[in-house]
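Q: Below: one structure in structure tokens.
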Amino acid sequence: MPHGREIFRGDAAELGRLHESRWQWLEQAVGPAVALPTEYPDGYHVPRHRHSRSQLLHALVGVVLVTTKHGRWMVPPDHAMWIPAGIEHSVEMLGDVSMRSVYVMPDAIAGLPEGLRVVGITELMHSLIVESEKLPQGGELEGRAGLIMGLLLHEIPNLPERPLGLPFPSDPKLAALCRRFVAAPSPHATIDEWAGAVGMSRRSFTRAFHRQTGLSLSTWRQQACLFAALPRLADGEPITRVALDLGYDSVPAFITMFKRMLGASPRGYMRGARDAGEGIKRLTGSAQASSAAV
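If you use the working numbering, the sequence shown corresponds to residues 1088 to 1381, in order.
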């Protein structure tokens, strides 16, 4: 399999063949980790699949939506999704996406995450991922290459988890409520309304929802609103319009929720993401120019 940056364009059949070729190559590759870069067009959908290696899916530019039977996870710029080996998942691109994936053997090192999660990418990890894609892939690495990949692997357990997962309950009635909320999110939905809709007491509903998702309804609802807001903000929509469309009584209330969940205001968060994207584009352009000169 060629190691260069792959750009997935064309009809569905052609794209399917490209992905099938990549997955077959990954299953045969040796070594604890393999780093592969890919460029995807807006709206591209990778159908459900699984692999024997865990995947650290890093979005350099663009927003990625990962879906499994356990729920949905959003991966904005400067973040990554950890997908354990064997988990069936699909991937949807929201905007043009520049993706870097590191595929890790489950026993590569001790302490790798056991569950699905979105993590923040530190400056060190970002540099390691960008550098790792330049290394020989599919074999055992020694010397400098081995040290880079070894440090990358040891940094994975230290990446900070971010609240960008949206796990769905296993109970069909509760899951149906969640799907309806995702289709039309609102911060005003109450526990009593949800409990009454499925014929449960408030206490029983609260316990069941937390047991099946690991989150309170309040936290789950806020994360669902973030899911709806991030792609629109990335497209340049005004914060006021997004906040009011999501049902918030005021823009400050929306900003407060956003800062509590992601650690920055919507404006600051998106500005940081854009700056990172521009930096990556400049680096990519320089690398491509150097390759052409050689």
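Quick reminder that beta carbons are idealized off the backbone N, C-alpha and C, glycines included.
Any beta carbon of chain C sitting closer than 8 Å to that of A1311?
A: Checking the listed chains, one finds no chain C in this structure; it contains a single protein chain.
Q: By DSSP's criteria, V1189 is part of a beta bridge. Which residues make up the other side?
A: Partner(s): A1122 and L1143.
Q: Please confirm if the stretch 1106-1120 is in contact with the stretch 1223-1241, defined as three or more CB-CB distances below 8 Å between the two stretches.
A: Taking 8 Å as the limit for Cβ pairs, the verdict is that the stretch 1223-1241 does touch the stretch 1106-1120.
Q: Under a three-way DSSP split, which group does L1251 fall into?
A: Three-state result, L1251: coil.
Q: Excluding five sequence neighbours on each side, which residues of the same chain lie with their C-beta closer than 7 Å to the C-beta of H1106?
A: Cβ within range, chain order: V1133.
Q: Helix, strand or coil: how does DSSP classify I1208 here?
A: In this structure, I1208 counts as coil in the three-state DSSP scheme.
Q: Using alpha carbons as the reference points, say which of R1294, A1167, A1295 and A1271 lies closest to V1148.
A: The shortest C-alpha separation from V1148 is found at A1167.
Q: With respect to the alpha helix (DSSP H) encompassing H1157, which residues constitute its N-terminal and C-terminal limits?
A: Looking at the DSSP string, H1157 is not in any alpha helix (DSSP H), and its letter there is neither H nor E.
Q: Please classify D1258: does DSSP put it in a helix, a strand, or coil?
A: Coil.
Q: Kindly indicate the opening and closing residues of the beta strand (DSSP E) around H1132.
A: Where H1132 is concerned, the enclosing beta strand (DSSP E) stretches over H1132 to H1136.
Q: By DSSP, does A1167 sit in helix, in strand, or in coil?
A: In this structure, A1167 counts as strand in the three-state DSSP scheme.
Q: Who are the near neighbours of F1341 in its chain, counting only those whose CB is closer than 6 Å to its CB and skipping five residues on each side?
A: Answer for F1341: A1330 and Y1335, listed in chain order.
Q: If you run the structure through DSSP and keep just helix, strand and coil, what is D1322?
A: Correct three-state label for D1322: coil.
Q: For the stretch 1232-1248 against the stretch 1264-1278, are there 3 or more C-beta pairs whose distance is under 8 Å?
A: No: fewer than three Cβ pairs fall under 8 Å.
Q: Which residues share a DSSP beta bridge with L1222?
A: Answer by DSSP bridge pairing: none, since L1222 is not bridged.
Q: Can you tell which of L1239, M1344 and R1289 has its C-alpha closest to the C-alpha of S1405?
A: The displayed coordinates of the chain run from 1088 to 1381. Any statement about residue 1405 would go beyond what the structure contains.
Q: Whose C-beta lies closer than 8 Å to the C-beta of D1183 among residues of the same chain, with five residues either side of it excluded?
A: Once the five neighbours on either side are set aside, the close Cβ partners of D1183 are E1126, Y1127, P1128, D1129, V1148 and G1149.
Q: Residues in its own chain within less than 6 Å of T1154 by CB, not counting five upstream and five downstream?
A: Excluding sequence neighbours, T1154 sits near S1177.
Q: Roughly how many angstroms lie between the CA atoms of E1248 and V1206, to the nearest whole one?
A: Cα to Cα, the separation comes out at about 4 Å.
Q: Would you decide whether S1188 is buried or exposed? Buried here means 16 or more other CB atoms lie within 10 Å of its CB.
A: Buried is the call here.
Q: By the DSSP assignment, the alpha helix (DSSP H) with V1285 in it spans what residues?
A: V1285 -> no alpha helix (DSSP H), and no H or E assigned at all.
Q: Taking the alpha-carbon of L1143 as reference, which of E1242, E1210, H1157 and L1228 has the nearest alpha-carbon?
A: Residue E1242 is the option with its Cα nearest to L1143.
Q: Keeping to the same chain, check which residues put their C-beta closer than 7 Å to that of A1282; ignore five residues upstream and five downstream.
A: For A1282, where only same-chain residues beyond five positions count, the Cβ hits under 7 Å are S1288, R1289 and F1292.
Q: Am I right that P1254 and G1198 are in contact with their C-beta atoms under 8 Å? What's the rounded C-beta distance?
A: Not confirmed; about 23 Å, so no contact.
Q: Please report the straight-line C-alpha distance between S1296 and L1304, rounded to a whole angstrom.
A: What sits at residue 1296 in the sequence shown is Phe, not Ser. Cα to Cα, F1296 sits roughly 7 Å from L1304.
Q: List the whole-angstrom C-beta distance separating G1173 from R1135, where the pair is believed to meet the contact cut-off of C-beta under 8 Å.
A: In fact, because the Cβ distance is near 13 Å, the residues do not count as touching under 8 Å.
Q: Taking the alpha helix (DSSP H) that E1227 belongs to, which residues open and close that run?
A: Careful: E1227 lies outside any alpha helix (DSSP H) and carries neither H nor E.
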